[in-house]
Amino acid sequence: MQSIQIDRYGGPEVLIRRRIPVPVAGPGEVLIRISHSGINFMDIHTREGKYATSRTYPVMLPCTLGMEGAGQVVATGEGVTTLLPGDRVAYCIVWGSYAEYAVVAAWRVVRVPAALPLKMAAAALFHGFTAHYLAHDVARLEPGTTCLIHAASGGIGQILIQLARRCGARVYATTSTPEKAEVARARGADQVVLYENGRFADAIREATGGHGVDVVFDSIGKATLRDSFRATRRRGLVVNYGTVSGPVQDLDPIELGEAGSLFLTRPRLADHLPDAQTIQRRADAIFGALLDGSLKITIARQYSLDNVAEAHAVLETRQMVGKPILTVSASA
Ligand SMILES: NC(=O)c1ccc[n+]([C@@H]2O[C@H](COP(=O)([O-])OP(=O)(O)OC[C@H]3O[C@@H](n4cnc5c(N)ncnc54)[C@H](OP(=O)(O)O)[C@@H]3O)[C@@H](O)[C@H]2O)c1
0 MQSIQIDRYG GPEVLIRRRI PVPVAGPGEV LIRISHSGIN FMDIHTREGK YATSRTYPVM
60 LPCTLGMEGA GQVVATGEGV TTLLPGDRVA YCIVWGSYAE YAVVAAWRVV RVPAALPLKM
120 AAAALFHGFT AHYLAHDVAR LEPGTTCLIH AASGGIGQIL IQLARRCGAR VYATTSTPEK
180 AEVARARGAD QVVLYENGRF ADAIREATGG HGVDVVFDSI GKATLRDSFR ATRRRGLVVN
240 YGTVSGPVQD LDPIELGEAG SLFLTRPRLA DHLPDAQTIQ RRADAIFGAL LDGSLKITIA
300 RQYSLDNVAE AHAVLETRQM VGKPILTVSA SA
């Protein structure tokens, strides 16, 4: 089968299109013919080696990239009772979706409702699950909560705005351009400001009567985190869930005290998808909202296995608005 692998870490040049054997489903696993794969910033981080020593997401080289896929079950391993060949399914946080087939533990796989196109399922799980646990389990947003969402026109940003609004929160958002700000507004953000080298923090304080917001969702890291502290109210919560601008390596906890006894957390999706029941609960919420029209996900662009490098470059240069996906095969 065709796959996109890395043998070493680096820029887009390390991506290799390679023919490898179709994997075999072992006990408790299913073999899925992938129709579409989600393309995530995490794939870039992985390609660059940022997960080289991770215990949450251990990488073995050579590694077939891609952490999110949708398609059809073609074989089940011993002991699998929840899925059958022919089932339309999706999954995330298992490497190997930039390929024609993938083997995944059955407990991580959910059925895709008949009315939902597989490409939408491939675009929805990784970012949808993330926005869901951030809004409901980490920040516990409720009516009246104020929050700030960075990179608001991005894949997670757009979903998080919508979920936060559904919780009754007031949503402030940041983007790098006025065009992206329009996207965030269209998704429901109450007020959008540009980062302006950290001046967003002053704008947010002003908009909140000098207090700052209850919660900041910061996926950017190095370039924004300290200004995110300034945008947070006394004893508020800063959720640093990504580091697209680079890691924050020199943070002294005393800074949290000086910023108003803030709470800082660095959560990971894997710790919020511990079992099949939780995965199904989050999938029901995301698929259900997509089907009833209350959640919109923009598929920004579709790529093929031949142009993964281009997809990564567009993401890295901040030109993507919404979610890119990889069309692997039209057959499922
Ligand atoms: N902790 C978790 O559970 C979890 C789960 C999923 C993803 N993540 C992380 O969340 C982050 C965002 O992932 P995503 O897939 O949703 O990406 P994304 O938000 O769709 O895209 C990245 C966005 O970040 C902004 N950005 C700011 N500085 C940037 C820079 N130096 N380079 C590139 N983009 C920059 C850009 O928006 P503007 O131009 O508007 O700034 C860009 O659109 C990644 O670090 C990813 O690993 C974490």
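In numbering that gives the first Met the number 0, the protein residues as written are 0 to 331. Even glycine gets a Cβ: it sits at the ideal position worked out from N, Cα and C. Every value quoted in this text rests on a predicted model; they were computed, and no experiment measured them.
Your pair L117 and H35 checks out as a contact, with CB atoms roughly 6 Å apart and the cut at 8 Å. For P323, the enclosing beta strand (DSSP E) begins and ends at K322 to T326. Cβ atoms of V247 and V215 stay farther apart than 8 Å, at about 14 Å. Classified as buried, A24 has 16 or more neighbouring CB atoms from the shown chains inside 10 Å of its CB. Residue pairing from DSSP places R110 in a beta bridge opposite V88. A Cβ-Cβ contact shorter than 8 Å links G68 with Y90. Apart from sequence neighbours up to five positions away, the residues of its chain that approach D274 with a beta-carbon distance below 8 Å are W106, ordered along the chain. Taking 7 Å as the cut-off, one finds no heavy atom of ligand 1 near enough to the beta carbon of I324. Taking the C-beta atoms as reference points, A180 is found no nearer than 8 Å to I160. Rounded to whole angstroms, T173 and G292 show a C-alpha spacing of 25 Å.
Looking at the DSSP output, G245 bridges to nothing. Shortest Cα-Cα distance from V137 to any of Q318, F262 and R317 involves F262. Distance between G211 and A188, taken at the CA atoms: about 16 Å. Assignment of beta-bridge partners to D217 by DSSP yields N239. Within the stretch 272-304, the beta strand (DSSP E) runs of at least 3 residues that lie entirely inside it are, in chain order, 298-302. Of the residues assessed, A269 falls on the exposed side of the cut-off, its CB having fewer than 16 other CB atoms within 10 angstroms. The three-state reading of DSSP puts G70 in strand, counting E and B together. Every beta strand (DSSP E) of 3 residues or more that sits fully in the stretch 23-71 is shown, in chain order, as 28-37.
G321 and E257 have their alpha carbons spaced roughly 36 Å apart. According to the DSSP secondary-structure assignment, F262 is paired through a beta bridge with L236. Here A150 carries a coil assignment [DSSP, helix/strand/coil]. When the Cα atoms are used, G37 and I158 turn out to be separated by approximately 15 Å.
Cα atoms of G156 and I19: separation of roughly 35 Å, rounded to the nearest angstrom. For S227, the shortest C-beta to heavy atom distance toward ligand 1 is 7 Å or greater.
By alpha-carbon distance to A122, the top candidate from V58, V72 and V88 is V88.
In the displayed model, Q190 falls within a strand according to three-state DSSP. Using a C-beta cut-off of 8 Å, the stretch 26-35 makes contact with the stretch 98-105, since at least three inter-stretch Cβ pairs fall below that distance.
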